[in-house]
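Presented below is the structure to which this report refers.
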Amino acid sequence: MASRLDRSPLAQLTLARFREFLREKEAVFWTFVFPVLLAVGLGVAFRNRGPDVVAIGVAAGADAGRLAAALGHAEGVRALVLPSDAVDDALRKGRVALVVASRPDGLHYRFDPTRPESRLARLAADEALAPLAGRPLPPPARIERVTAPGARYIDFLIPGLIAFNLLGTGLWGVGFALVRMRTGKLLKRFLATPMRKSEFLFSFILARLSFLVLEVGSLLLFARYAFDVRVHGSIAAVFAVAILGAMVFSGIGLLVASRARTQEAVMGLMNVVSLPMWILSGVFFSAEHFPAIMQPLIRALPLTAVVDALRAIMNDGATLAAVAGPVTIALAWGVASFAAALAIFRWR
Amino acid sequence: MLETTIAPPGVESAVRCRGLVKRYGELVAVDGIDLDVRVGECFGLLGPNGAGKTTTVEILEGLLERDGGDVRLFGLSWDHDERALRERIGIQLQETQLPEKLTVEETIRLFRSFFRRGREVDEILEAVQLTEKRKTWVSRLSGGQKQRLSVACALVGAPDLLFLDEPTTGLDPQSRRALWELVEAYRAGGGTVVLTTHYMEEAERLCDRVGIMDRGRIIALGSPQELIASLDAEHIIEFSLPEGASLPPREELLALAGVTALHQRDGTVQLVVREPHAALPALLDALGRHGTGLADLRTHHATLEDVFVAHTGRQLRDG
Ligand SMILES: Nc1ncnc2c1ncn2[C@@H]1O[C@H](COP(=O)(O)OP(=O)(O)O)[C@@H](O)[C@H]1O
Ligand SMILES: [Mg+2]
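Here's what the structure looks like:
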């Protein structure tokens, strides 16, 4: 006998979305496996090592031994004596960050000021060689060394990856799936039944919301156990923002799918939408690096808004009220994209 | 051309349309079509590719905007009674890719959920002979099985009217027969069918009445028997001459005993004749007088194909 579930179009449409997704190996890979691989790859590449050691070269000469010994005693410095014809080559290839030479008129420094480690080396050399010049620097009154969870690259990365993944699943799971239905005349076939369009679209939203729990949950759990990434704010707030993000990106997926007649067309649109945001929105590195003039534009992007809100909640323990700014921006994108998509959607 | 048969009063029309027009830019895809399909009837639109069959049925199905004319199904119009109509009709589109990774059973259950009333999933599976395949993904079905599933999705709402657009195109003979039986079983339950096809055997076997369509118009309308009888001769003699030989004058051939029409195409000549046993010897005589031999000679009972040729001078399958 047919159950209530069998007779509910919304339940059947949502189930169909579920089944099609779970039976598509590629979709499962990109949604669940790929973000974890990305987290592992980037987490390992940028793991926090011990403090960097800078290499300082000493040009061979009368004083070379004394200078090298003084530099070698300094913290975080490795000193090597170089024959004078090897100095330029060693600098150019980055084998040393700075070369010190003793000359009749005093010490000569040779380095590239545009390289951060050269500037670091210069400071280290100043400090290490000061006693030789007879004017020791006063030691700092206090030194604090801080490597706290929440400040590591992986802590920065995980909220970015969650938002990045929500964008991808919104575009593929809604946008691409809808266009495939249109090109296969399936949309038209559904319209030939008494099915309600609203229930059809709502089934996409329901399916996205259900997958979101798995998508976000799996990444959070993985990050917690593999990298000890902790959520400093409330988990509920993280999911609230993730739900908002999923809705916003579903709306954008619906919008890119609203007119496209071919799969190539929708894939082009998806790239146009997602590429700039992957680059600008601070998923993999801080968006603060971009020039100040671009910042208002970057802040206005939906992916930036979701990334910022998630990062504030997860890393700084912010409350939902504290991220009202980015949440409002995301909300505006969601409402606008749904409204625009429904107004121009091509059903046949 | 035969006159449109107007439904007698008291008999409800399942489909009634007047002056249907659809244009695509310069092209007039449907050029003023009138149709009446009676309840319980199987009506076929027969015509070559590009004749306008799909365009016509999609307008009747309320899936395509028309540029002119009026459509009523069971006296209801798409403009005012869309939902009520959707509950009552079943549609199989010319090409639909059903979700590949759903099983047969899941697909039917999905379509069933859209209708308020309808048939049970098991019953439909049985009717389209897909019970053994119920757990199989759509992507793993054969062409014939896919087509039966497509019809199953059209039947699942227990429709009063079933539209089938080229249901057997591309199927092997066995799958074609299985589909024909499916349509006949549906009709046995009192259902009305509108189908399109470019196979004359299909129209002759399934349809009570056929509209022959060409270039957006219905050029002949009636039961297959009526249409064939309208040729005024029920047999066809088809022959071709050896290369280089020339045909006796048209008038001479048309004057032969029992010959009512002559069509010529690509070196093949068709004579429409009343009695082959009278026409054949006369033809051979005439060819003999002109000293022309034969490369090939065949005779057959006239078919709907010959009706199409008689009206257009072209073959159905040429498109
Ligand atoms: N969307 C369309 N745009 C332009 N021309 C079309 C469109 N659909 C159909 N046609 C043209 O209309 C004519 C009738 O097509 P159709 O109804 O599909 O014929 P049939 O189903 O008999 O093969 C054809 O010439 C076809 O090329
Ligand atoms: Mg067609």
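Those sequence lines, one after another, are chains P and G.
Residue 374 in this note's numbering sits at position 225 of the first sequence, with consecutive numbering throughout.
Residue 33 in this note's numbering sits at position 19 of the second sequence, with consecutive numbering throughout.
Even glycine gets a Cβ: it sits at the ideal position worked out from N, Cα and C.
What you are looking at is a predicted structure, and each value in this text was computed from that prediction instead of being measured.
| Query | Result |
| --- | --- |
| Roughly how many angstroms lie between the CA atoms of P:Gly192 and P:Met463, to the nearest whole one? | 17 Å |
| Just to check my reading of the structure: G:Ala217 and G:Leu318 have Cβ atoms closer than 8 Å, yes? What is that Cβ distance to the nearest angstrom? | 6 Å |
| Please name the residue in G:Lys147, G:Arg219, G:Thr70 and G:Ala324 whose C-alpha comes closest to that of G:His249. | G:Ala324 |
| Suppose you measure from the CA of G:Thr19 to the CA of G:Leu49; what does that come to, to the nearest Å? | Bear in mind that a pLDDT of 47 at G:Thr19, under 50, signals an unreliable position, so the number given afterwards is only what the model happens to contain. One C-alpha to the other measures close to 9 Å. |
| Suppose the cutoff is 6 Å on Cβ atoms and the five residues either side in sequence are ignored; what does the same chain contact list for G:Glu40 look like? | none |
| Does the Cβ of G:Gly83 lie closer than 6 Å to at least one heavy atom of ligand 1? | no |
| By how many angstroms is the C-alpha of P:Arg215 removed from the C-alpha of P:Val226? | 15 Å |
| Would you mind working out which of G:Leu163, G:Leu209 and G:Lys149 sits nearest G:Leu176, comparing C-alpha positions? | G:Leu209 |
| Might you give, ordered along the chain, the residues of its own chain that have their beta carbon closer than 6 Å to the beta carbon of P:Ala239, omitting 5 neighbours on each side? | Gly206, Leu231 and Val245 |
| Assign P:Thr477 to one of three DSSP states: helix, strand, or coil. | helix |
| Apart from the five residues just before and just after P:Thr163, which ones in its own chain have a Cβ nearer than 6 Å to its Cβ? | Ser352, Leu355 and Ala356 |
| Check for me: the beta strand (DSSP E) holding G:Asp50 runs from which residue to which? | Leu41 to Arg52 |
| Say yes only if the C-beta of P:Lys334 is nearer than 6 Å to one or more non-hydrogen atoms of ligand 3, and no if none qualify. | Of the ligands this structure carries, namely ligand 1 and ligand 2, none is ligand 3. |
| Below 8 Å on the Cβ atoms is my contact criterion, and I expect P:Pro262 with P:Arg460 to pass it. Report the Cβ-Cβ distance as a whole number of Å. | At roughly 33 Å, the Cβ-Cβ gap does not stay under 8 Å, so P:Pro262 and P:Arg460 are not in contact. |
| Pull up the DSSP beta-bridge partners for G:Val273, would you. | G:Val287 |
| Please name the residue, chosen from G:Cys221, G:Leu330 and G:Gly204, that lies closest to G:Gly54 on a Cα-to-Cα basis. | G:Gly204 |
| If contact is defined by three or more beta carbon pairs under 8 Å, each pair taking one atom from either stretch, is the stretch 65–78 of chain G in contact with the stretch 218–230 of chain G? | yes |
| With a cut-off of 8 Å on the beta carbons, I'd call G:Ala172 and G:Arg130 a contact; round off their distance for me. | Rounded, the Cβ-Cβ distance is 10 Å, inconsistent with contact. |
| Taking Cβ-Cβ distances shorter than 9 Å, what residues in chain P pair up with G:Leu77? | Lys337, Leu340, Ala341 and Arg497 |
| How many whole angstroms separate the CB atoms of P:Leu336 and P:Trp496, which I take to be in contact at a CB cut-off of 8 Å? | 6 Å |
| Tell me the DSSP bridge mates of G:Phe253? | G:Val283 and G:Leu311 |
| Is the Cβ of G:Thr110 closer than 7 Å to any Cβ of chain P? | yes |
| Give the DSSP-derived three-state secondary structure of G:Gln143 in the structure shown. | coil |
| Identify every residue that forms a DSSP beta bridge with G:Ile233. | Answer is none; G:Ile233 lacks a bridge partner. |
| Enumerate in chain order the residues of its own chain whose CB-to-CB distance from P:Val295 is below 7 Å, with the five nearest sequence positions on each side excluded. | Caution applies to P:Val295, whose pLDDT of 48 falls short of 50 and renders its modelled position unreliable; the value that the coordinates give is listed next. Result list for P:Val295: empty, nothing under 7 Å. |
| Under 7 Å between the Cβ atoms of G:Val170 and G:Arg201? | no |
| Check this for me: beta carbons of G:Gly46 and G:Val35, under 7 Å apart or not? | yes |
| So, is G:Gln106 buried or exposed, given that buried needs 16 or more other C-beta atoms within 10 angstroms? | buried |
| So P:Leu320 packs on P:Gly402, CB below 8 Å; how close in whole Å? | 5 Å |
| Do P:Leu361 and P:Ala395 come within 7 Å of each other at the CB atom, strictly closer than that value? | yes |
| How about G:Gly236: is its Cβ closer than 6 Å to a heavy atom in ligand 1? | no |
| Closer than 7 Å by beta-carbon distance: list the chain P residues that pair up with G:Ile105, in chain order. | Ala341 |
| Is there a Cβ from chain G that is less than 7 Å from the Cβ of P:Arg357? | no |
| Determine whether the Cβ of G:Phe344 lies closer than 7 Å to any Cβ atom of chain P. | It is not possible to answer for residue 344 of chain G, since the shown part of chain G is limited to 15 through 333. |
| Please name the residue or residues paired with G:Thr350 in a DSSP beta bridge. | Given a span of 15 to 333 for chain G in the structure shown, any question on residue 350 of chain G remains unanswerable. |
| Does the contact criterion of 3 or more C-beta pairs under 8 Å hold for the stretch 179–199 of chain G versus the stretch 476–489 of chain P? | no |
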